[in-house]
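Protein sequence lines, in the order shown, are assigned to chains W and C. Just so we're aligned, residue 1 is where the first sequence starts under this note's numbering, counting upward by one. Just so we're aligned, residue 421 is where the second sequence starts under this note's numbering, counting upward by one.
Number of protein chains: 2
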Amino acid sequence: MRPIFTPNTKKGNHTSAPILLDSAEAEIMLALRKRERISRTEVSTITGWSKAKAAQEIKSLIDKGLLIEVGEGSSQGGRRPGLLSLNNLLGYIIGLDIGATSLDVVLADVTGQIIQRISDNADVRVKPEQFLGRCIELINQMIEAHGIHAYQILGIGIGVPGPVDFVHGILVAPPLMPDWENFPIRNFFTDIFSSAFVVVDNDVNIMALGEQRMGNGVGVDNFIYVKIGTGIGAGIVSNGRIHRGSDGYAGDIGHICVDKQGPVCRCGNQGCLEAMTAGPAIAEKAMQAARNGNSQILSRLMETNGGVLYPEDVNTACRDGDIAALEIIRTSGQMIGEVLASFVIFFNPSHIFISGGIANFGNHLLVSIRRAVLRRSLPLATAHLSINFSNANSNAGTIGALALVREYLFMVEDDPNLIV
Amino acid sequence: MRPIFTPNTKKGNHTSAPILLDSAEAEIMLALRKRERISRTEVSTITGWSKAKAAQEIKSLIDKGLLIEVGEGSSQGGRRPGLLSLNNLLGYIIGLDIGATSLDVVLADVTGQIIQRISDNADVRVKPEQFLGRCIELINQMIEAHGIHAYQILGIGIGVPGPVDFVHGILVAPPLMPDWENFPIRNFFTDIFSSAFVVVDNDVNIMALGEQRMGNGVGVDNFIYVKIGTGIGAGIVSNGRIHRGSDGYAGDIGHICVDKQGPVCRCGNQGCLEAMTAGPAIAEKAMQAARNGNSQILSRLMETNGGVLYPEDVNTACRDGDIAALEIIRTSGQMIGEVLASFVIFFNPSHIFISGGIANFGNHLLVSIRRAVLRRSLPLATAHLSINFSNANSNAGTIGALALVREYLFMVEDDPNLIV
Numbered sequence: 001m002r003p004i005f006t007p008n009t010k011k012g013n014h015t016s017a018p019i020l021l022d023s024a025e026a027e028i029m030l031a032l033r034k035r036e037r038i039s040r041t042e043v044s045t046i047t048g049w050s051k052a053k054a055a056q057e058i059k060s061l062i063d064k065g066l067l068i069e070v071g072e073g074s075s076q077g078g079r080r081p082g083l084l085s086l087n088n089l090l091g092y093i094i095g096l097d098i099g100a101t102s103l104d105v106v107l108a109d110v111t112g113q114i115i116q117r118i119s120d121n122a123d124v125r126v127k128p129e130q131f132l133g134r135c136i137e138l139i140n141q142m143i144e145a146h147g148i149h150a151y152q153i154l155g156i157g158i159g160v161p162g163p164v165d166f167v168h169g170i171l172v173a174p175p176l177m178p179d180w181e182n183f184p185i186r187n188f189f190t191d192i193f194s195s196a197f198v199v200v201d202n203d204v205n206i207m208a209l210g211e212q213r214m215g216n217g218v219g220v221d222n223f224i225y226v227k228i229g230t231g232i233g234a235g236i237v238s239n240g241r242i243h244r245g246s247d248g249y250a251g252d253i254g255h256i257c258v259d260k261q262g263p264v265c266r267c268g269n270q271g272c273l274e275a276m277t278a279g280p281a282i283a284e285k286a287m288q289a290a291r292n293g294n295s296q297i298l299s300r301l302m303e304t305n306g307g308v309l310y311p312e313d314v315n316t317a318c319r320d321g322d323i324a325a326l327e328i329i330r331t332s333g334q335m336i337g338e339v340l341a342s343f344v345i346f347f348n349p350s351h352i353f354i355s356g357g358i359a360n361f362g363n364h365l366l367v368s369i370r371r372a373v374l375r376r377s378l379p380l381a382t383a384h385l386s387i388n389f390s391n392a393n394s395n396a397g398t399i400g401a402l403a404l405v406r407e408y409l410f411m412v413e414d415d416p417n418l419i420v
Numbered sequence: 421m422r423p424i425f426t427p428n429t430k431k432g433n434h435t436s437a438p439i440l441l442d443s444a445e446a447e448i449m450l451a452l453r454k455r456e457r458i459s460r461t462e463v464s465t466i467t468g469w470s471k472a473k474a475a476q477e478i479k480s481l482i483d484k485g486l487l488i489e490v491g492e493g494s495s496q497g498g499r500r501p502g503l504l505s506l507n508n509l510l511g512y513i514i515g516l517d518i519g520a521t522s523l524d525v526v527l528a529d530v531t532g533q534i535i536q537r538i539s540d541n542a543d544v545r546v547k548p549e550q551f552l553g554r555c556i557e558l559i560n561q562m563i564e565a566h567g568i569h570a571y572q573i574l575g576i577g578i579g580v581p582g583p584v585d586f587v588h589g590i591l592v593a594p595p596l597m598p599d600w601e602n603f604p605i606r607n608f609f610t611d612i613f614s615s616a617f618v619v620v621d622n623d624v625n626i627m628a629l630g631e632q633r634m635g636n637g638v639g640v641d642n643f644i645y646v647k648i649g650t651g652i653g654a655g656i657v658s659n660g661r662i663h664r665g666s667d668g669y670a671g672d673i674g675h676i677c678v679d680k681q682g683p684v685c686r687c688g689n690q691g692c693l694e695a696m697t698a699g700p701a702i703a704e705k706a707m708q709a710a711r712n713g714n715s716q717i718l719s720r721l722m723e724t725n726g727g728v729l730y731p732e733d734v735n736t737a738c739r740d741g742d743i744a745a746l747e748i749i750r751t752s753g754q755m756i757g758e759v760l761a762s763f764v765i766f767f768n769p770s771h772i773f774i775s776g777g778i779a780n781f782g783n784h785l786l787v788s789i790r791r792a793v794l795r796r797s798l799p800l801a802t803a804h805l806s807i808n809f810s811n812a813n814s815n816a817g818t819i820g821a822l823a824l825v826r827e828y829l830f831m832v833e834d835d836p837n838l839i840v
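Right, dumping it as C-alpha cells:
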C-alpha cells in the first residue's frame with residue numbers, strides 16, 4: 001500500500017498523514033483520472049467487480065470524502081444511474097508552463113477543471129529564485145482572487161525548458177538557463193505550499209502529455225511531439241506513457257549533430273540540429289541573406305528593425321513571396337525531417353505532432369519536414385504515419401502540467417519513474 | 421472481465437470456455453508471472469489487501485486448480501509461511517526462436533520451468549508451411565517423449581526474423597523471407613494445438629524480453645537490444661515494457677540509410693546500415709581485400725574455402741593479427757555506433773546490449789561501437805550508459821518467447837498491444 005492522496009482539509013494541517021487507499025479504491029480513482037464522471041455500472045465494467053462490490057468500494061470513497069454524487073446519467077432502460085465524480089472541494093492544483101521567454105500559470109480544481117489562466121512574458125536567464133518567486137506571486141494572486149488558501153493547493157505540475165532529472169525534480173546542465181542547474185525547484189514551492197505534491201518535468205514532455213489528454217493525441221499510444229522554437233526538443237509517448245528515458249533526458253534531439261563543421265551551439269558543440277535550424281539560426285541566415293543582397297524584402301525589414309531580424313520577420317518575408325526566406329524555412333524543415341526520419345524507423349510512431357513558435361510559420365515548414373521523413377524513412381514505417389501540427393499547441397503545456405500532477409495524486413501503480 | 425486462461429484439462433475439450441478470473445484473482449496470477457513462489461503475506465504486501473482478503477482470493481485460485489501449495493518458506497519469527505506456486509500440472513508452453521539459419525524450440529511447464537530444448541539448423545527462405553511443419557514435428561517429438569498431449573499445450577510464443585504486425589501475428593514485407601508475407605502463422609499452430617494461445621513477435625523483441633527476464637536486463641527499464649548477424653535489428657524496452665511501435669515495426673534499424681551511394685540492400689534500397697556492416701557485408705569486404713592482395717591471411721582462407729569467405733573467416737583472420745580484417749570489423753562497429761548515437765540522445769537508455777553472430781566476434785566490434793556512441797552522443801545521455809554484450813544471448817530468444825506467451829496467459833491489464 002502506498003500513500004496516494006494528501007487532502008489536508010484542516011487549516012494549518014500541513015503534516016497530516018496522507019490518506020491511504022487500498023488497491024480497489026485506487027482503481028476507481030485511476031478510472032476517474034481520465035473521465036469526469038462515472039456510474040456504478042461503469043466502475044463494475046471497468047474493474048470486473050460485481051455490482052455489489054463496486055457499490056461497496058464507492059461507498060468507502062464517498063465516506064472518505066474523495067467522491068461525491070453529481071446527479072444522474074441517461075437511463076439504459078431502467079432507473080437512471082447515479083453519477084460520481086471526484087470531490088472538487090478536496091482542493092486545487094496548479095499547472096506551470098515555463099518557456100524560454102514566456103510563463104503560463106493555471107489554477108484548476110482537483111478534477112482538472114480550469115478556474116483561471118495567466119500568461120506573461122518572462123526570461124528564464126534570470127536567477128531561479130527571482131523567476132520562481134514571480135511564479136509564486138502569480139499563484140498567490142490567483143488563489144487570493146478565488147478565496148483559496150495555500151494549504152488547499154494539493155499539487156503543482158511544472159514544465160521547464162531543459163533536461164530534467166525527473167526523479168529528483170532538478171534541471172541538469174540546461175544550456176538555456178545555467179543558473180538553474182541543480183536548483184531545488186520542488187522545495188522552493190513546498191516551502192510556501194506545504195500541502196502540495198510538486199512534479200517537475202521537461203516542457204516538451206508535458207506538452208506531449210497535454211496533446212494526449214486534449215489534443216490530436218487523444219487515444220494515440222505511440223507518438224513523437226516536436227517543439228521547434230528557440231531550441232528543438234521532443235516528447236515521446238510509448239505504449240501510452242511518457243518515455244523519459246533512464247535519466248530523464250530522452251527527446252533532447254536539438255543537440256544531435258547534423259554537421260560537424262556547423263555553427264557553434266549554445267551547448268558548446270558544433271552543428272547541433274537546433275543551432276542549424278531553430279529560431280536563432282533562421283534569423284541569422286536571414287540577416288546573412290539581407291547583408292549579401294539576396295533579398296530586398298529581408299533587407300528592408302532589417303533596416304526597419306534597426307539592423308536585426310527576428311524569426312518572425314522571415315515568416316513575414318516568406319508570406320510576401322520572398323524566395324530567400326522561403327528557402328531558409330524549407331532548409332530548416334528538411335534538416336529536421338531528415339533527423340526525424342531515423343526516429344520514425346527506430347520508434348515507429350503513428351503520429352508526429354509539430355509545435356512551437358517556428359511551427360506557427362505554417363505549411364512550408366511542415367511540408368518540408370513531411371517530404372524529408374517520407375524520402376528518408378521506410379515505407380513500412382511511414383504507411384500509416386501522420387505528421388501534423390499539434391492542436392493543443394499553446395495550451396498543451398499547462399494542460400499537460402495539470403495532467404501530470406493529477407497522475408501523481410492518484411498514483412498507485414509501481415511507476416518506474418517514481419518520484420523520491 | 422476478460423478471458424485470461426484456457427486450461428483444457430479434459431482430453432478433447434478443445435472448445436471449452438476460458439476460465440474467467442476477476443481482477444483480484446488476476447492480480448495474484450500477475451504477481452506470479454515474475455516469481456516462482458509466493459507466500460500469503462507477500463500477496464497481501466503486493467496487493468495492499470488485508471491478510472484475510474489475500475487468503476480468501478488465494479483459496480479461490482486453489483479451488484479452481486490454478487495455484488498449488490508448494491512447501492514452506494523460511495520463518496520471520498513465527499510460523500513458517502506456506503508457499504504457493506502456479507499449478508504446473510495445468511499444462512505446458514512452447515517457445516520457438518526462428519532465426520535466418522537456425523531454429524530453437526523449448527518445452528516448458530506453465531510456470532516457465534524448461535523441460536527440454538532442441539536446436540537445429542534451418543533456412544527460413546523455404547515456404548512457411550514447410551518450415552513451420554518442421555517446427556510442429558519437433559514439438560510433437562518433444563511432447564511425446566514426455567507423455568504430454570497436444571491439448572495440454574496452453575501457449576506457444578514465436579519469434580521470427582522480420583517485421584511483425586503483432587496484433588495479427590503476421591509478417592509484413594520480410595526481406596529475408598518473402599514467402600512468409602501475411603502467412604497465418606497462428607492458425608497453422610492452433611490447427612494442431614487447439615488449446616494453445618499463440619503469440620508471434622519479431623525475433624529481436626523476444627530476445628530483448630529474454631534479456632530482461634534472465635540476463636543483464638533484469639530490473640532495467642529503458643534499454644536497447646541490438647542483434648547483429650545476417651541483418652541488424654533492435655528490440656526496445658521503454659518504462660519496463662517492449663516498445664513495438666504503432667504497427668509493430670519499431671527497431672528496424674538495419675534499414676536506416678547510412679550512405680546513399682552504398683551497396684544495394686536485400687530490401688531494395690541503397691546503403692542500408694545492415695548492407696554496409698552486417699555479416700554478408702563483412703564477408704564481401706573481406707573477399708575484396710583478399711582479391712586486391714590486401715591480406716595474405718584472408719587470401720589463404722579464401723583459397724581453402726574454394727573461393728568464398730564467411731564472416732567467421734574475418735574473425736579468424738582478425739585473431740591471427742590481420743590488419744585488413746581488423747579494419748573491416750572496426751569500420752562496421754563504428755558505423756553501427758554512429759547510428760546508435762542518435763538513438764541514445766533520442767531514447768536515453770541506461771543500457772545497450774549487443775548480441776548476434778557478429779557480436780560473438782568479440783571486443784574489437786564492441787569497442788568500436790562504444791567509441792562511436794561516446795563521440796557522437798551527448799555527455800548527458802552517455803554519463804550512465806553501459807554498452808555491453810547480451811549475456812542471455814543464444815538463449816534470449818527462447819526465454820523471451822516463453823515469457824511472452826506467459827504474459828498473455830495471465831493478461832488482464834488493458835494492453836495497448838492487444839492481440840485480436
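Every residue gets a Cβ at the ideal spot worked out from N, C-alpha and C, and that includes glycine. Values in this document were obtained by computation on a predicted structure and should not be read as measured data.
Margin query: Using the three-state DSSP reduction, which class does C/Ile439 fall into: helix, strand or coil?
Written below: Position 19 of the second sequence, counting from 1, holds the residue named residue 439 of chain C. The predicted position of C/Ile439 is uncertain, since its pLDDT is 48 and thus under 50; no value can be drawn from it.
Note to self: Tell me the DSSP secondary structure of C/Asn808 in three-state form.
What the structure shows: The residue labelled residue 808 of chain C in the question sits at position 388 within the second sequence. Three-state DSSP puts C/Asn808 in a strand.
Margin query: Give me the DSSP bridge partner(s) of C/Ser505.
Written below: To locate residue 505 of chain C, count along the second sequence from 1; it is residue 85. Partner(s): C/Ile488.
Margin query: Would C/Phe643 and C/His804 be called neighbours here (beta carbons separated by less than 8 Å)?
Written below: As a first step, residue 643 of chain C must be located in the second sequence, where it is residue number 223. As a first step, residue 804 of chain C must be located in the second sequence, where it is residue number 384. Here C/Phe643 is not near C/His804, since their CB atoms are 8 Å or more apart.
Checklist line | Identified DSSP bridge partners for W/Lys227 | finding: Reading the first sequence from its first residue, position 227 is the one you call residue 227 of chain W. Looking at the DSSP output, W/Lys227 shares a beta bridge with W/Gly233 and W/Ser355.
Checklist line | C-beta neighbour in chain W for C/Cys685, strict 8 Å | finding: Position 265 of the second sequence holds residue 685 of chain C. Cβ-Cβ to chain W under 8 Å: no for C/Cys685.
Next item on the list: Can you check the stretch 144-211 of chain W for any alpha helix (DSSP H) of at least 4 residues that lies completely inside it and give the ranges in chain order?
Entry: Taking only runs of at least 4 residues, the alpha helix (DSSP H) segments lying wholly in the stretch 144-211 of chain W are 185-190.
Next item on the list: From the DSSP output, read off the bridge partner residues of C/Arg661.
Entry: Taking the first residue of the second sequence as 1, we reach residue 661 of chain C at position 241. C/Ser658, per the DSSP bridge assignment.
Checklist line | Interface residues of chain C facing W/Tyr249 [CB-CB closer than 7 Å] | finding: Within the first sequence, the letter at position 249 stands for residue 249 of chain W. The contacting residues are Asn768, Leu800 and Ala801.
Notebook entry, point to check: Between W/Gly233 and chain C, is there a C-beta pair that is closer than 8 Å?
Noted result: One-based indexing of the first sequence puts residue 233 of chain W at position 233. At a cut-off of 8 Å, the C-beta of W/Gly233 has no neighbouring C-beta in chain C.
Next item on the list: Can you tell me which of the three DSSP states W/Ile256 falls into?
Entry: Looking up residue 256 of chain W in the first sequence gives position 256. W/Ile256 falls in the coil class under three-state DSSP.
Margin query: With a threshold of 8 Å, are at least 3 pairs of Cβ atoms found where one atom belongs to the stretch 213-220 of chain W and the other to the stretch 191-204 of chain W?
Written below: Flag = no, the stretch 213-220 of chain W and the stretch 191-204 of chain W do not touch.
Checklist line | Neighbour-count burial assignment, C/Gly757, 16 or more Cβ in a 10 Å radius | finding: Sequence index remark: in the second sequence, residue 757 of chain C carries index 337 (1-based). Looking at its Cβ environment, which holds 16 or more other Cβ atoms inside 10 Å, C/Gly757 is buried.
Margin query: In this structure, how does DSSP classify W/Arg117 when only helix, strand and coil are distinguished?
Written below: Here residue 117 of chain W refers to the residue found at position 117 when the first sequence is read from its first residue. Here W/Arg117 carries a strand assignment [DSSP, helix/strand/coil].
Margin query: Rounded to the nearest angstrom, what separates C/Val544 and W/Arg370 at their Cα positions?
Written below: By 1-based counting over the second sequence, the position of residue 544 of chain C is 124. By 1-based counting over the first sequence, the position of residue 370 of chain W is 370. Going from the Cα of C/Val544 to the Cα of W/Arg370 covers about 36 Å.
Notebook entry, point to check: From C/Ile466 to C/Arg460, what distance separates their C-alpha atoms?
Noted result: Working through the second sequence from its first residue, we reach residue 466 of chain C at position 46. Working through the second sequence from its first residue, we reach residue 460 of chain C at position 40. Rounded to whole angstroms, the gap between the alpha carbons of C/Ile466 and C/Arg460 is 10 Å.
Check: Is the shortest distance between the beta-carbon of C/His588 and the beta-carbons of chain W less than 8 Å?
Finding: If you number the second sequence from 1, residue 588 of chain C lands on position 168. Cβ-Cβ to chain W under 8 Å: no for C/His588.
Note to self: Suppose contacts are defined by Cβ-Cβ distances below 8 Å. Is W/Tyr249 in contact with W/Ile153 by that definition?
What the structure shows: Numbered from its first residue, the first sequence carries residue 249 of chain W at position 249. Numbered from its first residue, the first sequence carries residue 153 of chain W at position 153. No, Cβ-Cβ distance for W/Tyr249 and W/Ile153 is not below 8 Å.
Item checked: Inter-stretch contact at 8 Å, needing at least 3 Cβ pairs: the stretch 647-655 of chain C / the stretch 235-255 of chain W -> Segments in contact, no.
Next item on the list: For my contact list, C/Glu492 and C/Gly485 are in at a C-beta cut-off of 8 Å; report their separation, rounded to the angstrom.
Entry: Here residue 492 of chain C refers to the residue found at position 72 when the second sequence is read from its first residue. Here residue 485 of chain C refers to the residue found at position 65 when the second sequence is read from its first residue. About 21 Å separates the beta carbon of C/Glu492 from that of C/Gly485, a gap too long to meet the 8 Å contact definition.
Checklist line | W/Leu409 burial status per 10 Å Cβ neighbour count (16 or more: buried) | finding: Taking the first sequence and counting its residues from 1, the one referred to as residue 409 of chain W is at position 409. Taking a 10 Å sphere around the C-beta of W/Leu409, we find 16 or more other C-beta atoms and assign the residue as buried.
Check: Among W/Phe189, W/Gly245 and W/Ser75, which residue has its Cα nearest to the Cα of C/Thr802?
Finding: Counting from one through the second sequence, the residue named residue 802 of chain C turns up at place 382. When each option's Cα is compared against that of C/Thr802, the closest is W/Gly245.
Check: Hey, quick one: how far does the alpha helix (DSSP H) through W/Ser332 stretch, first residue to last?
Finding: As a working note, residue 332 of chain W is residue 332 in the first sequence. W/Ser332: member of the alpha helix (DSSP H) spanning Ile323 to Phe347, first to last residue.
Check: Is there a Cβ from chain W that is less than 8 Å from the Cβ of C/Ser806?
Finding: Within the second sequence, numbered from 1, the residue matching residue 806 of chain C stands at position 386. For C/Ser806, the answer is no, since every Cβ of chain W falls outside 8 Å of its Cβ.
Next item on the list: Check the Cβ-Cβ distances between C/Arg796 and every residue of chain W, and say whether any is below 8 Å.
Entry: In the second sequence, residue 796 of chain C corresponds to position 376, counting from 1. True, the Cβ-Cβ gap to chain W drops below 8 Å.
Next item on the list: Leaving aside the five residues before and after C/Ala821 along the sequence, list all residues of the same chain whose C-beta is less than 7 Å from its C-beta, in chain order.
Entry: Counted from its first residue, the second sequence places residue 821 of chain C at position 401. Excluding positions up to five away in sequence, the list reads Gly515, Leu516, Asp517, Gly577, Ile578, Gly579 and Ile626.
Next item on the list: With a threshold of 16 other CB atoms inside 10 Å of the CB of W/Lys285, please say whether the residue is buried or exposed.
Entry: Start at 1 with the first residue of the first sequence, and residue 285 of chain W comes out as number 285. So W/Lys285 counts as buried.
Next item on the list: Return the CA-CA distance between C/Ser775 and C/Ile765, expressed in angstroms with no decimal places.
Entry: Within the second sequence, residue 775 of chain C is the residue found at index 355, counting from 1. Within the second sequence, residue 765 of chain C is the residue found at index 345, counting from 1. Cα to Cα, C/Ser775 sits roughly 21 Å from C/Ile765.
Next item on the list: Indicate the three-state DSSP secondary structure (helix, strand or coil) for W/Asp109 in the structure shown.
Entry: What you label residue 109 of chain W is simply residue 109 of the first sequence in a count that begins at 1. Here W/Asp109 sits in strand by DSSP.
Checklist line | C/Gly468, DSSP secondary structure in three states | finding: On the second sequence, position 48 is the one that residue 468 of chain C refers to. It is coil, neither helix nor strand.
Check: Which two residues bound the contiguous alpha helix (DSSP H) that contains W/Asp97?
Finding: Against the first sequence, residue 97 of chain W aligns to sequence position 97. Note, W/Asp97: premise wrong, no alpha helix (DSSP H); beta strand (DSSP E) at Tyr92 to Ile98.
Check: Taking Cβ positions only, does W/Gly219 come closer than 8 Å to chain C?
Finding: On the first sequence, residue 219 of chain W is found 219 positions in, with the first residue counted as 1. It does not; no Cβ of chain C falls within 8 Å.
Note to self: Against chain C, does W/Ile282 count as a neighbour if the rule is that its beta carbon must be under 8 Å from one of theirs?
What the structure shows: Reading the first sequence from its first residue, position 282 is the one you call residue 282 of chain W. Answer no: the Cβ-Cβ gap between W/Ile282 and chain C never drops below 8 Å.
Check: By Cβ distance below 6 Å, which residues in the same chain neighbour W/Val106 in space, the five residues on each side in sequence not counted?
Finding: Walking along the first sequence from the start, residue 106 of chain W turns up at place 106. Counting only Cβ-Cβ distances below 6 Å, and skipping sequence neighbours, we find Gly95, Ile114, Arg117 and Thr398.
Checklist line | As assigned by DSSP and simplified to three states, the class of W/Cys272 | finding: Position 272 of the first sequence, counted from the first residue, corresponds to residue 272 of chain W. Residue state for W/Cys272 is assigned as strand, using DSSP reduced to three classes.
Margin query: Just to confirm, is the Cβ distance from W/Val43 to W/Ala26 under 8 Å?
Written below: Here residue 43 of chain W is taken as the residue at index 43 of the first sequence, counted from 1. Here residue 26 of chain W is taken as the residue at index 26 of the first sequence, counted from 1. No, the Cβ-Cβ distance between W/Val43 and W/Ala26 is not below 8 Å.
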